[in-house]
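The numbering of the sequence shown is my numbering, which starts it at 862 and goes up by one. Positions of the beta carbon are idealized from the N, C-alpha and C atoms, including for glycine. These notes concern the structure reproduced below.
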Amino acid sequence: MSASSAFNDEKGGSSSVGEPEYGHDPASGGIFSSDYKRHDDLKEMLDSNKDSLKLEAMKRIVAMIARGKNASDLFPAVVKNVACKNIEVKKLVYVYLVRYAEEQQDLALLSISTFQRGLKDPNQLIRASALRVLSSIRVTIIVPIMMLAIKEAASDMSPYVRKTAAHAIPKLYSLDPEQKDQLIEVIEKLLADKTTLVAGSVVMAFEEVCPERIDLIHKNYRKLCNLLIDVEEWGQVVIINMLTRYARTQFLNPNMNESLLEEGSGGDRTFYGSDEDEDEDEEEKEKKAEAPAMAKRKPYVMDPDHRLLLRNTKPLLQSRNAAVVMAVAQLYFHLAPKAEVGVIAKALVRLLRSHSEVQYVVLQNVATMTIKRRGMFEPYLKSFYIRSTDPTQIKVLKLEVLTNLANETNISTILREFQTYIKSMDKDFVAATIQAIGRCATNIGEVRDTCLNGLVQLLSNRDELVVAESVVVIKKLLQMQPEKHSDIIKHMAKLTDNIQVPMARASILWLIGEYCEHVPKIAPDVLRKMAKSFTNEEDIVKLQIINLAAKLYLTNSKQTKLLTQYVLNLAKYDQNYDIRDRARFIRQLIVPTEKSGALSKYAKKLFLALKPAPVLESPFKDRDHFQLGSLSHLLNAKAGGYQELPDWPEAAPDPSVRNVEVPEWTKCSSREKRKEKKVEKPFYSDSEGESGPTESADSESDSASGSESGSGSEESASGSESEESEDGSESEEEEEEEEEEKEKKKKKKELKKPVQESESEQSSEEEERKHERKTKQRKSDSESESDEDEESESESSQSESEESESEAEVKKKKKSAESKPPSKPVKKESKKEKKEMSLLDLDDFEPAPSPQVTPVNTFLSNSLVTDLEGLSLSDTVLSPATIAPSSALKNYEMLHRITGEGLSVEYCFSRQPFSPDANMVAVQMQFTNNATSDTKNLHIEDVKLQSGMRVKEFSEIELLPAGETATAVMGIDFCDSTQAANFQLCTHTRKFFVSIQPPVGELMRPVFLTENEFKKEQGQLMGMNEITEKLTLDMKCRNEHTIVQRVTTAANLSRVPCGSDKECRFAGRTVSSSSLVLVTVATKEEGAAQLTVNCEKMVIGTMLVKDILLALTQ
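So, in structure tokens, the structure goes:
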């Protein structure tokens, strides 16, 4: 009952029986809405002293705004909390204020001092939010305050705040355009920013405020080209569009020599034209004429900066964002040499698999491109075939492209396609197809007769619309050679009885009138029929009847004189003034009287003049004067804010304006030396070969950015960003880190020599096994790199800094310290397993020979603790007590001995890292042969997995004697889900269907965090990433030791040191995606407790809460 009443309240109806319900618009706080009650409740919560209540109120208010409800009446109550100490509340208050500051300007102005204080807040999010709110108050009085705030934010330490400053610039400019000069100074400062976060936003501000100030871009041009690959997607779009216009003003047209050749040869000669037919004298004359023109033009050499732009945008054709691909495509179309433009075709065809909205925009641009560069899309002709599921507007655009691509070689295929399209149920599409056939016929003379015959056959179609459209198209085609086709004109005259579509009737009448001498017997009869139905016809048909009467009167007045007078009399009293005017004008012209003027002598010439055949052109013919991909191009009309694409300059402007002086101390950094040693492979090695010599010396980050996009990873490669930051400071850091590294290694050697040796042996073996890598350049200490480094070949082949190698080593030691505690070595079982397992496995895990699976002790040895002390970045020292012991591992039955005909299989999650692949969960399986005969060839087949999951099978167990037990380990990447992995367990005689389903707690690995790190990470995983449950602990579970034991049994987490004895904290990461999982159990009086789980993945967090609750309350 309470739930339903609450529901009624929310809907704005009354909850009591018998009262009428008042509907209201949910977006307005209307009188009949019961919202005002809830708002009172929210106001009370906002006025309370408790932060938790304020936070709850703000969450509800923001949720209301998200649902489209009006929360403006809460503005005074919310604005008071802008000075709240709680950061979470403060963030939400700012979110609210950004939404309503413009509407409630007076109230917002009252708290302006608080926003100014917010600009000095230590938290970057608060500083940015304060600036965002300040720039949302559209009042001219505070322009100076806003200006000051933007200037300060532009030199803020945080790139996020600088980005927000860039966003505020256009807002201030629209409020007060007089501030332009000061804003340009800020834009100039922000353009020099080296972070990718700021680049897109500041270019957007530049485009809004001062797009004409190209001089601001000169010094930053190369940097923008190099940063481009790491900027966020919408920033990439803005930068590419701006650089397209910049390049059109700064570089020469790469196709100018081709256009000159075309002009010289009159455009008739083909590219590889043969001149055999021409006389030698003519050739000599041409050469003499061309010589001075060619002498004026030097051979074209592409500017290195022009090449840099083309090379750095090319990888973005693989972007997942359609707008980025479109932006690069238009850049190549407008800037690239003709030979290189072809690369964009494949990328644009890929976009045709996207949503219909994206298809529509892409096809509009492709249609324009196909007019100028038809050859580019010819290989992809089939991609433009029409599907029955395509919406009409997409079908029409695809038809347009197919028609543009039609030539002598492919016309037969295209016409065959068109024949099937005519049978479609979509009438608009059929009409467009018939028009397309007409265009093909006019463009390609060879198929004109075929098309005409095909269209005449369509005249007998049952569908009136098809016939009507065919008539209109045939009329246009007949104008080209009317004398050949008088039989078609006769055939069409007969159709006047049946066709009712006005446009088609008008076309037939025009044809008969125009070519009446070809059908002298039929024409007067058609006029007779039309005179009968004149009053019932549409206006367009009436006008053509008058025209037909006039033409017949002039050529055959005997038969048609009376009919013409009758028609003109009918028209004289028509309702439409156009028809009345036409009748009056024609009567004076063709029927001479004393009053008629001099024109009546020329009536025949006026009416029966030869008319040129209409040229059927593509509607996209002249659209390329708009920049492709722009709204103006889409609408074929200049939209507000559109900037014209400049023409290419005649002479190249000075390229030295883009040179940037490099400070002395960075010129000879160690990284540069290292770069010279390594030979750099270009991203697109096949097509970029010729561009080698013209590469810009300034493009430092090329190799790294190339490797990133080449490997297709979403994350930015560590190389590219670090290279764009100051090289000098980094090289100093490298040296410091290397020194620290040496000291750590000395400690390690003293404490842990045998393990170190085995590790280095193993890694060298593994390197030989994997891809037979050349290791001459690498030093012996870098052999113990992590698997991650070995996997990414692109990174290792590119110029990877030693700094990142040493970081990888630190990580590796940390990993081995965290998750590979050394256990006592156990005797090996079979040779097969010995081969499979690398030496690392001896250190961390070896299956036990006994039938009972023994848990591996996870206490840290003292040597490892001291090691960790060396590695730890915080002050707290890890003592053995901080790490929780894992209780006995739980065994699950995979195959019962009865089902398995004597073979029984149990499995457990060993909670050890799976050495072949760190992203897999290690599953230890124990096979027991209870039968009297031996079991042979135990292996896995027919693995069935959910998408994304992977399995690393255990090596085949060749022989399991009767009564014996064997153990094997397999790895499964569950992709952070509890979906089961299904497969067949096979012996030499039988196959058994089995499955392994993990509890959510086994999908994680423990990580070591200090108390401060834990609190910091927990602060970032609030809101929807936090799940809290209250519970009551039973008597046995009220001491700390039991809580720790039960939580670590339920989930593979490690204990985090905690100052309070009332709290137990645990941390881990999911094995597959390394998402952080934080668990807190806070105990209170009388067994009451609160369980909090913070997890990046909400589903895992929810499942984990259930499992831990169950473990603690059992």
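I'd like the list of long-range same chain contacts for residue i, defined as Cβ closer than 6 Å, with 5 residues on each side in sequence excluded.
i, result
"A1267", "I1275 and C1301"
"M1964", "V1861"
"Q1858", "A1841"
Tell me, please, which residues DSSP counts as bridged to residue i.
i, result
"H1494", "Bridge partners of H1494: none, in fact."
"T1889", "T1953"
"Q1845", "E1802 and F1854"
"D1834", "R1811"
"Q1787", "E1767 and T1828"
"T1796", "L1821"
"T1941", "R1926 and T1953"
"E1754", "E1767"
"T1931", "M1865"
"S1982", "Because the chain is modelled from 862 through 1975, residue 1982 falls outside the range shown and cannot be assessed."
Using only the alpha-carbon positions, how far apart do residue i and residue j sit?
i, j, result
"A1228", "L1319", "27 Å"
"I1247", "K1259", "7 Å"
"E1049", "N1116", "33 Å"
"Q859", "E1957", "The requested residue 859 does not occur in the structure, where the chain is confined to residues 862 to 1975."
"C1769", "L1820", "22 Å"
"V1687", "Q1785", "Low confidence applies here, because V1687 scores a pLDDT of 40, under 50, leaving its location unreliable; read the following figure in that light. Looking at the two C-alpha atoms, the distance is approximately 15 Å."
"L903", "V959", "19 Å"
"E1094", "N1182", "7 Å"
"C1898", "N1752", "23 Å"
"M1237", "L1492", "24 Å"
"A1392", "L1460", "27 Å"
"E1307", "K1345", "16 Å"
"R1443", "T1396", "15 Å"
"V1185", "D1435", "58 Å"
"P983", "K951", "13 Å"
"A1208", "I1011", "40 Å"
"P1031", "D1515", "31 Å"
"G1962", "I1888", "7 Å"
"P937", "L953", "15 Å"
For residue i, does the count of other Cβ atoms within 10 angstroms reach 16, so buried, or fall short, so exposed?
i, result
"F1854", "exposed"
"K1355", "exposed"
"F1446", "exposed"
"G1884", "exposed"
"M1018", "exposed"
"K1175", "buried"
"H1216", "exposed"
"N1955", "buried"
"L1939", "buried"
"H1167", "buried"
"S1856", "exposed"
"L1370", "buried"
Apart from the five residues just before and just after residue i, which ones in its own chain have a Cβ nearer than 7 Å to its Cβ?
i, result
"G1761", "F1853"
"A1823", "N1790, A1792, T1793, S1794 and D1795"
"M1959", "M1885 and N1886"
"M1341", "A1474"
"L1970", "E1890, L1892 and L1952"
"I1101", "T1174, A1188, V1189 and L1192"
"A1943", "K1923, E1924, A1950 and Q1951"
Hey, does residue i have any beta-carbon neighbour from chain B nearer than 9 Å?
i, result
"L1212", "Among the chains in the structure shown there is no chain B, since it carries only a single protein chain."
Please work out which residues of its chain come closer than 8 Å, Cβ to Cβ, to residue i, disregarding the five sequence neighbours upstream and downstream, and give them in chain order.
i, result
"P1103", "A small correction: the amino acid at residue 1103 is Met; Pro does not occupy that position in the sequence shown. So the qualifying residues of the chain are V1064, F1067, E1068, P1072 and I1078."
"S1586", "Its pLDDT being 41, under 50, S1586 is placed unreliably in this model, and the value from its coordinates should be taken loosely. Excluding residues within five positions, the ones whose Cβ falls inside 8 Å are K1055."
"K1813", "F1775, P1777, D1778, M1781, M1831, G1832 and I1833"
Does the ligand SAH have a heavy atom nearer than 8 Å to the CB of residue i?
i, result
"P1453", "This structure lacks the ligand SAH; in fact it carries no ligand of any kind."
(Q) So within the region 970–1031, which uninterrupted alpha helix (DSSP H) runs reach at least 4 residues, ignoring any that extend past its ends? (A) Qualifying alpha helix (DSSP H) stretches, in chain order: 973–979, 985–997 and 1004–1015.
Q: Identify every run of the alpha helix (DSSP H) within the region 1299–1343, keeping only runs that are complete inside it and at least 4 residues long; order them along the chain.
A: 1309–1319 and 1325–1339
(Q) At 4 residues or longer, what runs of the alpha helix (DSSP H) sit wholly inside the region 1043–1118? (A) Counting only runs of 4 or more, we get 1057–1070, 1076–1079, 1082–1088 and 1094–1111.
(Q) Which runs of the alpha helix (DSSP H) at least 4 residues long sit entirely within the region 1247–1274? Give them in chain order. (A) Correct list: 1253–1266.
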